[in-house]
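Take a look at the structure set out below.
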C-alpha cells in the first residue's frame, strides 16, 4: 500500500504539470478563437466598404488559418511536438489534396472569381439556366437568391467554368416582343400606336433606339416585332407587363383585333 502511495505521489507533480498545460491549451484555444473572430470581422468591415464579397472571402480565409495556428500552438503547450505535426501534415498533404480535390478546387475557383470579379454582391446574373441575385462568395460556394426566393448554392469550381450573364453591368436591358394583329389592321396605324405607347411609358429608356416592324405574315395574323430598352431600376417583368397592358388597352380603343384560336362546335341532329 505504501508503495502505491509513493508511486502516486511520485507522479503527482507530472499530473499537476499536465493539468496546468491542458488549462493553458484550453485558454489559448478560447482566446485564439475570439481573437481570430475579432480580426476576421474587423477585416470584413474594413474591406467591405469597397467590396462585400471580397471582404467575406478574405475574412473566412483569415479565420480558418488563424484557428489552425491556434490549435497547433495549443498542442505545443501540452507537450506535443508541433514540428512533428507540421511534418506529418506536409507528408499527408498530397493524400489530403487528392481526397479533397473538389473542395480545394472550389477554394481556388473562389480566389479566381474574386480576382476576375465577373460579378459583385447584389448583381443579377444568369448561370447554368438559373437567374438570381448574388448573395455572396464563400470559401467553397457561391450563393444566389433566385427570383422565387429559393437559394441556389453552387460550387465555386462550377462558377469559375460556367458561362455567366451579368445583367447588372449595364443599367439597361433590351426587350423583344412579338405582337400579332388581324390582317384587316392598318400597318402604319399599328406601328404608330405602339410607338406612342413606348414614348409614354416611363420604364422605357428612350435614349436608346427602338424598333417596330412587320416581320412575319402568320397563318392568321400580321406579326410585329418590338425591340426596346428598359431601365433596370424598374424591373424587367414590370416594364414588359406595363407595355403589354398599354398595347392591349390601346388596341381595344382603336378596334384593332388580336387574333386568337377559336373553336366552333356544330351539333348535328341524328
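Residue numbers (the UniProt record's numbering): 1 to 270. Beta carbons are placed, not taken as given, at the ideal position from N, Cα and C, and that holds for glycine.
With 16 other Cβ atoms within 10 Å as the buried cut-off, status of residue i
| i | result |
| --- | --- |
| residue 214 | exposed |
| residue 108 | exposed |
| residue 56 | buried |
| residue 230 | buried |
| residue 127 | buried |
| residue 65 | exposed |
| residue 237 | exposed |
| residue 40 | buried |
| residue 198 | buried |
| residue 20 | exposed |
| residue 205 | buried |
| residue 251 | buried |
| residue 63 | buried |
| residue 221 | buried |
| residue 68 | exposed |
| residue 185 | buried |
| residue 106 | buried |
| residue 256 | buried |
| residue 124 | buried |
| residue 219 | exposed |
| residue 59 | buried |
| residue 26 | exposed |
| residue 30 | exposed |
| residue 79 | exposed |
| residue 113 | buried |
| residue 211 | exposed |
The beta strand (DSSP E) enclosing residue i, as first and last residue numbers
| i | result |
| --- | --- |
| residue 152 | 151-155 |
| residue 261 | No beta strand (DSSP E) holds residue 261; DSSP gives it neither H nor E. |
| residue 147 | Segment: none, residue 147 is in no beta strand (DSSP E) and carries neither H nor E. |
Which residues DSSP lists as bridging residue i, in chain order
| i | result |
| --- | --- |
| residue 127 | 130 and 164 |
| residue 141 | 155 |
| residue 136 | 143 |
Residue i Cβ short of 7 Å to the ligand FMN heavy atom set
| i | result |
| --- | --- |
| residue 243 | The model depicted lacks the ligand FMN and carries no ligand whatsoever. |
Minimum length 3: unbroken beta strand (DSSP E) runs contained in the stretch 205-242: Those beta strand (DSSP E) runs which fall completely within the stretch 205-242 and span 3+ residues are 211-217 and 222-231.
Three-pair Cβ contact test at 8 Å for the stretch 186-200 versus the stretch 134-154: Contact between the stretch 186-200 and the stretch 134-154 is absent, with fewer than three C-beta pairs closer than 8 Å.
Alpha helix (DSSP H) runs contained entirely in the stretch 164-207, provided each spans 4 or more residues: With a minimum length of 4 residues, the continuous alpha helix (DSSP H) runs that stay inside the stretch 164-207 are 187-200.
Three or more C-beta pairs below 8 Å linking the stretch 166-183 and the stretch 136-145: With fewer than three CB-CB distances shorter than 8 Å, the stretch 166-183 does not count as touching the stretch 136-145.
Cβ contact (3+ pairs, closer than 8 Å) linking the stretch 157-172 and the stretch 113-126: Because the criterion of three Cβ pairs below 8 Å is met, the stretch 157-172 and the stretch 113-126 touch.
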